[in-house]
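Those protein sequence lines, which keep their order, are chains A and B. Residues in the first sequence are numbered consecutively from 1, following the working numbering. Residues in the second sequence are numbered consecutively from 1, following the working numbering. Backbone N, C-alpha and C define an ideal beta-carbon position, used for all residues, glycine too. Small disclaimer: the values here were computed from a predicted structure and weren't measured.
There are 2 protein chains.
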Amino acid sequence: MSGDDKVISINKNTGTAKRPLTLKDVSIASGVSEMTVSRVLRNRGDVSDATRAKVLKAAKSLGYVPNKIAGALASSRVNLVAVIIPSLSNMVFPDVMTGISEVLDDSPLQPVVGVTNYSPEREEQVLFEMLSWRPSGVILAGLEHSDASVAMLKSASVPVVEIMDTDGEAIDAVVGISHRRAGREMARQIVKMGYRQIGFLGTKMSMDHRARKRFEGFTEALAREGIEVVDQEFYDGGSSLAKGREMSARILERSPELDFLYYSNDMIAAGGLLHLQESGIDVPGQIGLAGFNGSEFLEGFSLQVATMDAARRDIGREAARIIAERSDGSLQGTGQKIELEPRLQMGDTLRRR
Amino acid sequence: MSGDDKVISINKNTGTAKRPLTLKDVSIASGVSEMTVSRVLRNRGDVSDATRAKVLKAAKSLGYVPNKIAGALASSRVNLVAVIIPSLSNMVFPDVMTGISEVLDDSPLQPVVGVTNYSPEREEQVLFEMLSWRPSGVILAGLEHSDASVAMLKSASVPVVEIMDTDGEAIDAVVGISHRRAGREMARQIVKMGYRQIGFLGTKMSMDHRARKRFEGFTEALAREGIEVVDQEFYDGGSSLAKGREMSARILERSPELDFLYYSNDMIAAGGLLHLQESGIDVPGQIGLAGFNGSEFLEGFSLQVATMDAARRDIGREAARIIAERSDGSLQGTGQKIELEPRLQMGDTLRRR
DNA sequence: GTGTTTCAGGTTACCGCTAACGAACTTTGC
DNA sequence: GCAAAGTTCGTTAGCGGTAACCTGAAACAC
């Protein structure tokens with residue numbers, strides 16, 4: 001029995017392959033060994049210009065697409081970076097992704113995104129899936145992970161960069177801002193501007209550790225001035241302008257004495273702004289406002305809401321840089337820590353006139 | 001020379017592997033063959049409950065993570081679906097992704113996202129990269145692709161679903177809405193409500209084929225009523241409220257006679273709304289407005305801007321369903337076409353009072 | 001002319017896993 | 001009691017590439 005009796009229908013240009021092409025097909029078509037084809041396609045090793053041209057021509061005319069699965073297995077190099085984030089619809093992670101892509105585009109690495117929906121169990125699953133592809137690095141949001149997740153990451157022996165947050169203990173490298181500090185700075189500024197009756201509006205914080213840390217920093221700094229948060233309002237589900245409106249209405253009905261509203265993100269802060277304006281409340285004279293994230297879309301409103309830029313793009317860029325440089329060997333060691341500065345933007349809603 | 005002289009430091013629980021674990025490690029630890037371990041881990045074939053338990057225990061205690069690269073090569077099954085979209089920061093693709101994930105979560109498949117930034121060359125690159133992982137299916141936005149891209153897709157012999165748009169010729173399956181029709185319906189409704197002096201504001205449309213088709217449908221339907229678009233205003237770069245404001249200001253300065261503004265997306269439409277309201281213009285009495293996408297955040301404004309829902313989630317769901325069912329064999333054949341209904345939402349800005 | 005490099009390319013042995021087959025042992029039927 | 005049919009598990013041979021080594025011919029030195 002011959003081993004060569006498979007039906008092989010090679011197709012020129014027409015592009016209707018029955019059986020996926022392999023290196024062998026290209027090697028036959030160009031009359032050299034598979035190894036030489038491999039060398040040409042990866043620009044590695046010594047190949048004469050003549051054969052190189054021959055091989056490239058054959059590969060192109062066949063429409064050969066290399067099989068990275070096989071390549072990765074053989075070379076045990078996988079040029080993927082796992083990026084694990086809680087959500088895409090968040091307005092913050094697309095920015096982080098942009099930063100990551102900017103850097104990885106100049107490297108052989110490619111990001112692969114996994115979304116956890118703020119669920120630790122889901123994070124564990126996604127992480128397991130991702131690690132089973134043996135990526136060159138992992139970037140993941142936050143410092144809080146299940147024990148199993150931490151164990152997997154530690155034993156995976158790949159560069160790990162935890163992003164967004166620097167308040168806590170990292171597995172390996174970290175890039176982010178201190179949310180506790182962001183909360184403190186905002187609190188100090190609010191008090192400095194003369195506001196005293198302060199309300200807080202945000203997500204139910206059991207899931208969102210960064211919002212919680214901001215809140216902790218916030219109340220801590222207020223406490224130091226002898227001030228307490230007067231009232232709080234929480235929501236769950238996604239952020240929206242409408243939610244910001246409703247929450248603002250509710251908290252003000254309950255606590256009409258409030259003179260400042262601190263929101264856990266810009267979307268609900270903007271909703272709050274719209275509500276206050278329509279209720280004929282003077283912003284920032286009667287009530288001041290602040291959000292968080294430094295979202296670009298705040299620029300569109302009649303008043304620029306005070307906020308704090310979370311340096312999202314930079315976080316993405318730095319995280320990707322660490323992975324890229326560690327994976328090409330230009331950066332040695334582990335455990336790098338990059339703490340970026342949250343930049344306060346006073347806008348128009350954090351000053352009494 | 002023995003082949004077994006590699007330094008192997010097995011680590012229980014502590015998770016500080018020197019050498020990544022393989023099936024063999026688990027097989028040794030549990031005293032069965034690699035094949036049996038493989039069967040247990042994939043829930044396939046006959047394994048007694050006793051050995052199953054033994055193997056699972058060993059795998060867990062070692063912290064074994066299977067190597068999908070090797071598995072995929074051996075079984076020539078790769079449970080990845082390539083999803084290729086123009087942008088993440090768009091507010092529309094996150095919704096599509098949500099739909100895709102909803103469906104794929106109930107299947108063994110996993111989405112992998114690639115972003116093209118509306119560039120055909122980049123699309124070609126990303127596609128090549130993705131196909132070299134031999135995915136089980138490809139979902140990509142739009143019907144317009146480079147010749148090389150089309151050739152790759154055709155010869156890849158995997159299910160391909162082009163999404164968002166149904167106006168044109170598909171490579172294989174399509175799921176989307178007719179943007180031409182969406183434009184037409186909006187035009188008819190605008191005229192029906194009595195508006196006559198109509199302006200258009202949108203992206204430079206050389207890149208964005210769907211915006212172009214909407215515009216074509218729009219002008220076509222207007223023409224049938226003997227009406228022409230009075231003035232147009234274009235922008236490039238990302239959409240933002242601020243841009244919507246500026247553009248609206250400019251077009252109204254140039255053409256103060258306008259009584260309706262049709263925007264190519266909801267973000268700039270909302271910006272326009274804010275501008276008009278602050279300029280003391282009566283909306284929709286003096287000037288009417290409409291956007292496109294059915295974005296949720298429109299609900300937060302004092303007036304609900306008229307828009308047309310693009311069924312983004314459903315598009316994602318249906319596309320994923322086609323891939324999933326074709327890949328598990330429950331759906332036969334190729335070239336499925338699903339045209340969804342764009343739903344007009346009149347809101348408050350498309351009625352003269 | 002002989003020995004040493006250099007260059008261009010081929011050979012061989014895996015990478016870690018799974019499909020396909022087959023063997024040993026147990027159960028069932030009569 | 002023995003053959004037929006399960007059940008459970010092991011063996012073998014790749015999947016499509018690449019690392020590492022090897023070979024033959026040409027180029028160079030002296």
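Exercise. If you check the beta carbons only, do glycine 199/A and phenylalanine 292/A fall under 9 angstroms apart?
Worked result: Cβ atoms of glycine 199/A and phenylalanine 292/A: not closer than 9 angstroms.
Exercise. Does the beta carbon of glutamine 110/A come closer than 9 angstroms to any beta carbon on chain B?
Worked result: So, interface residue.
Problem set entry | Against chain A: residues of the segment 277 to 311 of chain B by CB proximity under 8 angstroms | For the segment 277 to 311 of chain B, which is checked against every Cβ of chain A, the residues closer than 8 angstroms are Glu278, Glu296, Phe297, Glu299, Gly300, Phe301 and Ser302.
Exercise. Which whole-angstrom value describes the C-beta separation of arginine 245/A and leucine 201/A, a residue pair presumed to lie in contact below a C-beta threshold of 8 angstroms?
Worked result: The Cβ separation is near 11 angstroms, so there is no contact.
For this session: Could you check the C-alpha separation between proline 20/A and serine 75/A for me, to the nearest Å?
Result: 21 angstroms
Exercise. Got a sec? Which residues, its chain only, sit under 8 angstroms from isoleucine 315/B by beta carbon, not counting five neighbours each side?
Worked result: Counting only Cβ-Cβ distances below 8 angstroms, and skipping sequence neighbours, we find Val96, Gly99, Ile163, Met164, Val175, Gly176, Ile177 and Leu340.
Problem set entry | Residues that valine 65/B contacts on chain A, provided the C-beta gap is smaller than 9 angstroms | Ordered by position in chain A, the residues that pass the 9 angstroms Cβ test against valine 65/B are Phe128, Leu131, Ser132, Arg134, Met152, Ser155 and Ala156.
Problem set entry | Beta-carbon proximity list for aspartate 4/B, same chain, < 6 angstroms, skipping 5 on both sides | Below a pLDDT of 50, predicted positions are generally treated as unreliable, and aspartate 4/B, at 32, falls in that range; the measurement from the model is reported next regardless. No residues qualify anywhere along the chain.
Problem set entry | Boundaries of the beta strand (DSSP E) in which proline 111/B is found, first to last residue | 110 to 115
For this session: Label aspartate 49/B either buried or exposed according to how many other C-beta atoms from any shown protein chain fall within 10 Å of its C-beta, with 16 as the threshold for buried.
Result: exposed
Exercise. Using a Cβ cut-off of 9 angstroms, which residues of the segment 89 to 114 of chain B contact any Cβ in chain A, in chain order?
Worked result: Ser89, Asn90, Met91, Phe93, Pro94, Asp95, Met97, Thr98, Ser101, Gln110, Pro111, Val112, Val113 and Gly114
For this session: With 9 angstroms as the threshold, decide whether the Cβ of methionine 267/A is near any Cβ in chain B.
Result: yes
For this session: With a cut-off of 8 angstroms on the beta carbons, I'd call glutamate 123/A and serine 149/A a contact; round off their distance for me.
Result: 6 angstroms
Problem set entry | Members of the segment 69 to 85 of chain B near chain A, C-beta cut-off 7 angstroms | Ile69, Ala70, Ala72, Leu73 and Val78
For this session: Go through its chain and collect everything with a Cβ distance to arginine 214/B's Cβ below 6 angstroms, but skip five positions before and after it.
Result: His179, Ala182 and Gly183
Problem set entry | Within chain B, the residues that serine 240/A reaches when beta carbons sit closer than 9 angstroms | By Cβ distance, chain B contributes Glu296, Phe297, Glu299 and Gly300.
Problem set entry | Coarse secondary structure for lysine 337/A, derived from DSSP in three states | strand
For this session: Compare the C-beta of alanine 270/B with all C-beta atoms of chain A and state if any pair is closer than 9 angstroms.
Result: yes
For this session: For threonine 166/B, I'd like the list of residues in its chain whose CB is within less than 6 angstroms of its CB, leaving aside the five on either flank, ordered along the chain.
Result: Val174, Gly176, Ser178 and Glu339
Exercise. When burial is assigned at 16 or more other CB atoms within 10 Å of the CB, is valine 7/B buried or exposed?
Worked result: For valine 7/B, the predicted model reports a pLDDT of 33, less than 50, meaning its position is unreliable; a value from the coordinates is still stated below. Exposed, by the Cβ-count rule.
Exercise. Apart from the five residues on each side of it in sequence, which residues of its chain come closer than 6 angstroms, Cβ to Cβ, to arginine 187/A?
Worked result: One detail in the question is off: residue 187/A reads as alanine in this sequence, not arginine. Hits under 6 angstroms: Phe218, Ala221 and Leu222.
Problem set entry | N-terminal and C-terminal residue of the alpha helix (DSSP H) that alanine 70/B is part of | 68 to 75
Exercise. Isoleucine 227/B to alanine 319/B, Cα distance in whole Å?
Worked result: 37 angstroms
Exercise. If we ignore side chains and look at the alpha-carbon of each, how far apart do arginine 254/A and serine 279/A end up?
Worked result: Whole-angstrom Cα-Cα distance: 15 angstroms.
For this session: Determine the chain B residues that contact leucine 274/A at a beta-carbon separation under 8 angstroms, and present them in chain order.
Result: Gly300, Phe301 and Ser302
For this session: Give the DSSP-derived three-state secondary structure of glycine 31/B in the structure shown.
Result: coil
Problem set entry | Below-9 angstroms beta-carbon distance, glycine 244/B vs any chain A residue | yes
Problem set entry | Local Cβ density within 10 Å of lysine 68/A, reported as buried at 16 or more and exposed below that | buried
Exercise. If valine 161/B and isoleucine 322/B are in contact, beta carbons under 8 angstroms, what's the gap, nearest whole angstrom?
Worked result: 5 angstroms
Exercise. Checking contacts by CB at 9 angstroms: is asparagine 11/A closer than that to chain B?
Worked result: For asparagine 11/A, the predicted model reports a pLDDT of 37, less than 50, meaning its position is unreliable; a value from the coordinates is still stated below. Closer than 9 angstroms to some Cβ of chain B, the Cβ of asparagine 11/A qualifies, so yes.
Exercise. Hey, how far is the Cα of tyrosine 262/B from the Cα of valine 283/B?
Worked result: 13 angstroms
Exercise. Taking Cβ positions, are aspartate 121/A and glutamine 110/B nearer each other than 9 angstroms?
Worked result: Reading the sequence as shown, one finds glutamate at residue 121/A and not aspartate. Contact flag unset, no.
Exercise. What is the DSSP secondary structure of isoleucine 198/B, counted as helix, strand or coil?
Worked result: strand
For this session: Report the partner residues of arginine 343/A according to the DSSP bridge assignment.
Result: Asp309/A
Problem set entry | Cβ neighbours of glutamine 336/A in the same chain (closer than 7 angstroms, five flanking residues each side left out) | Ala173 and Ile322
Exercise. Which whole-angstrom value describes the C-beta separation of lysine 79/A and serine 136/A, a residue pair presumed to lie in contact below a C-beta threshold of 8 angstroms?
Worked result: Here residue 79/A is asparagine; the residue named in the question, lysine, does not match the sequence. Confirmed, about 6 angstroms.
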